[in-house]
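Working notes, structure below.
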Amino acid sequence: MRALGKRVWVIPDGYIPSEGSMSIPGHECLCIVNTGDVDAKVKLTVFFEDRDPIESDYFVVKAKRTIHAWLNKPELIGNLVIPKEVPYSLVVESDQNIVVQMSRLDTRLGNMALLSVIGFPVE
900 MRALGKRVWV IPDGYIPSEG SMSIPGHECL CIVNTGDVDA KVKLTVFFED RDPIESDYFV
960 VKAKRTIHAW LNKPELIGNL VIPKEVPYSL VVESDQNIVV QMSRLDTRLG NMALLSVIGF
1020 PVE
């Protein structure tokens, strides 16, 4: 299979909710698939309303694999610490074509709300 997707993706609506009171904690999850034959080096840049952007270290999505990385777990996303309950936007850059989706599980109100969106491919 050829490498599907693009190298730059934008997700305009980010907001990591507090964990809430359910057995499954509230979180955001970055889902990336690499259908190509080469490992992808991926970097995240986070933009805020009232502060300078922050960037991750590179992390790898292996060839012909997928990752589902909770954005409140820095060890999964290049040691990037994204603050909870702060609106942000996310740019995902890769040296290989990838496909990017983000999901949010909000459990703050005693029930679960799930949001899942495909990133906007830039190039």
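All residue numbers for the sequence shown refer to the numbering used here, where the first residue is 900 and numbers rise by one.
Glycine included, every Cβ here is placed at the ideal spot set by N, Cα and C.
Note that this is a predicted model, so its numbers are computed, not measured.
- By the criterion of at least three beta-carbon pairs nearer than 8 Å, the stretch 903 to 913 is in contact with the stretch 991 to 999.
- Between LEU975 and the set LYS942, THR934, GLU984, ALA962, the nearest pair of CA atoms involves LYS942.
- CA-CA distance, PRO916 to VAL991, rounds to 20 Å.
- PRO973 sits in a helix when the DSSP states are folded into three classes.
- SER993 is bridged by DSSP to VAL941.
- DSSP, reduced to helix, strand and coil, places THR934 outside both helices and strands of the structure shown, so it counts as coil.
- Classified as buried, VAL960 has 16 or more neighbouring CB atoms from the shown chains inside 10 Å of its CB.
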